[in-house]
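Colleague:
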């Protein structure tokens with residue numbers, strides 16, 4: 001289990017961790033502010049320990065060359081049940097980034113993000129299935145990662161170059177993407193504010209409108225989901241202790 005509650009100059013990383021709470025942090029980083037990983041290619045597959053049940057709350061991030069929250073690219077043990085909310089970021093490359101590639105195997109699923117306030121992004125949302133770095137040439141080319149159940153809602157972003165770049169894997173698209181109540185103000189007009197390939201999902205209340213594979217459902221009563229059930233780390237409380245030496 002893990003918990004981070006203080007500000008600092010370094011990024012927070014989890015690798016093959018369960019029941020993690022990261023909250024009330026101010027992070028300035030030359031890499032991803034929060035990086036969630038679970039092993040690399042065949043080694044991560046063999047170890048088989050996912051990162052799961054992770055909460056990120058009330059985070060303020062500055063990361064000029066990387067992401068506010070990154071999942072992968074080392075995710076071969078799986079990543080699931082990640083919940084992030086009340087995120088503020090300035091001058092960062094991307095808001096949420098999912099990185100994987102053929103040879104990784106496993107999955108990134110059940111990722112929920114809501115209430116992001118962003119300023120000065122290259123991309124708000126970025127997914128890629130072609131992050132082609134490998135530790136060696138022993139990876140399995142038939143180990144195809146699954147990306148499914150990714151939910152973004154209540155996002156406001158200003159001074160953005162491109163709203164999103166969503167690239168899945170040919171013949172293995174990223175599915176179950178849901179984007180709702182998102183407003184992106186571009187720094188300059190763009191003929192292609194969204195770029196999508198090999199992805200499937202739905203959207204509602206998104207400006208500028210999402211790309212065609214993220215189908216516009218119009219106004220819906222139920223926006224993208226965010227789990228209401230508490231995680232074990234939500235029940236954990238820390239108490240201040242005073243010790244006096246005699």
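Residue numbers (the UniProt record's numbering): 1 to 246.
The C-beta atom is built at its ideal place from N, Cα and C for all residues, glycine as well.
In whole angstroms, what separates the C-alpha of residue 217 from that of residue 238?
Modeller: Translated into the one-based positions of the chain shown, residue 217 becomes position 217. Translated into the one-based positions of the chain shown, residue 238 becomes position 238. C-alpha separation (whole angstroms): 44 angstroms.
Colleague: Nearest by alpha-carbon distance to residue 233: which of 15, 222, 12 and 20 is it?
Modeller: The residue labelled residue 233 in the question sits at position 233 within the chain shown. Residue 233 has its Cα closest to that of 20, out of 15, 222, 12 and 20.
Colleague: Compute the Euclidean distance between the alpha carbons of residue 223 and residue 139, then round it to the nearest angstrom.
Modeller: Walking along the chain shown from the start, residue 223 turns up at place 223. Walking along the chain shown from the start, residue 139 turns up at place 139. The straight-line gap from Cα to Cα measures roughly 39 angstroms.
Colleague: Does the Cβ-Cβ distance between residue 131 and residue 76 come in under 8 angstroms?
Modeller: Counted from its first residue, the chain shown places residue 131 at position 131. Counted from its first residue, the chain shown places residue 76 at position 76. Not in contact: residue 131 and residue 76 (Cβ atoms no closer than 8 angstroms).
Colleague: Could you tell me whether the Cβ atoms of residue 110 and residue 86 are closer together than 8 angstroms?
Modeller: Walking along the chain shown from the start, residue 110 turns up at place 110. Walking along the chain shown from the start, residue 86 turns up at place 86. Their beta carbons are not under 8 angstroms apart, which means residue 110 does not touch residue 86 by this criterion.
Colleague: If we ignore side chains and look at the alpha-carbon of each, how far apart do residue 228 and residue 48 end up?
Modeller: Counting from one through the chain shown, the residue named residue 228 turns up at place 228. Counting from one through the chain shown, the residue named residue 48 turns up at place 48. For residue 228 and residue 48, the distance between alpha carbons rounds to 28 angstroms.
Colleague: Looking only at DSSP bridge pairs, what is residue 139 linked to?
Modeller: The residue labelled residue 139 in the question sits at position 139 within the chain shown. Answer is none; residue 139 lacks a bridge partner.
Colleague: Can you tell me which of 97, 189, 52 and 44 puts its alpha carbon nearest to the alpha carbon of residue 71?
Modeller: To locate residue 71, count along the chain shown from 1; it is residue 71. The shortest Cα separation from residue 71 among 97, 189, 52 and 44 belongs to 97.
Colleague: Please identify the residue among 107, 118, 78 and 61 whose C-alpha is closest to the C-alpha of residue 183.
Modeller: Locating residue 183 in the chain shown gives position 183, counting from the first residue. If we check each option's Cα against that of residue 183, 118 comes out closest.
Colleague: In terms of residues, what are the limits of the beta strand (DSSP E) holding residue 169?
Modeller: If you number the chain shown from 1, residue 169 lands on position 169. Element bounds for residue 169: n/a, residue is neither H nor E.
Colleague: Could you pull out every residue in the same chain whose Cβ sits closer than 8 angstroms to the Cβ of residue 192, ignoring the five residues on either side in sequence?
Modeller: Within the chain shown, residue 192 is the residue found at index 192, counting from 1. So the list reads 162, once near-sequence residues are dropped.
Colleague: In chain order, which continuous runs of the alpha helix (DSSP H) of length 4 or greater are located wholly inside the region 27 to 52?
Modeller: Considered as a whole, the region 27 to 52 harbours 41 to 47 as its complete alpha helix (DSSP H) runs of no fewer than 4 residues, in chain order.
Colleague: In the DSSP assignment, find the beta strand (DSSP E) that holds residue 207 and state where it starts and stops.
Modeller: The count along the chain shown starts at 1 and reaches residue 207 at position 207. Note, residue 207: beta strand (DSSP E), 199 to 207.
Colleague: Measure the CB-CB distance between residue 45 and residue 143 and report whether it falls below 8 angstroms.
Modeller: The sequence position of residue 45 within the chain shown is 45, counting from 1. The sequence position of residue 143 within the chain shown is 143, counting from 1. Yes, these two residues count as a Cβ contact at 8 angstroms.
Colleague: For the beta strand (DSSP E) holding residue 84, just list the boundary residues, first then last.
Modeller: Here the question's residue 84 lines up with position 84 in the chain shown. 79 to 90 is the extent of the beta strand (DSSP E) around residue 84.
Colleague: Please work out which residues of its chain come closer than 8 angstroms, Cβ to Cβ, to residue 43, disregarding the five sequence neighbours upstream and downstream, and give them in chain order.
Modeller: To locate residue 43, count along the chain shown from 1; it is residue 43. Correct list, in chain order: 76 and 135.
Colleague: Just how far apart, CA to CA, sit residue 2 and residue 58?
Modeller: For the purposes of this step, residue 2 is taken as residue 2 along the chain shown, with counting starting at 1. For the purposes of this step, residue 58 is taken as residue 58 along the chain shown, with counting starting at 1. Its pLDDT being 40, under 50, residue 2 is placed unreliably by the model, and nothing is read from it.
Colleague: Roughly how many angstroms lie between the CA atoms of residue 107 and residue 242, to the nearest whole one?
Modeller: Start at 1 with the first residue of the chain shown, and residue 107 comes out as number 107. Start at 1 with the first residue of the chain shown, and residue 242 comes out as number 242. So the two alpha carbons sit approximately 45 angstroms from each other.
Colleague: Leaving aside the five residues before and after residue 60 along the sequence, list all residues of the same chain whose C-beta is less than 6 angstroms from its C-beta, in chain order.
Modeller: By 1-based counting over the chain shown, the position of residue 60 is 60. Cβ neighbours of residue 60 beyond the five flanking positions: 26 and 88.
Colleague: Is the beta carbon of residue 247 sitting closer than 8 angstroms to the one on residue 120?
Modeller: As displayed, the chain neither begins before 1 nor continues past 246, which places residue 247 out of reach and without an answer.
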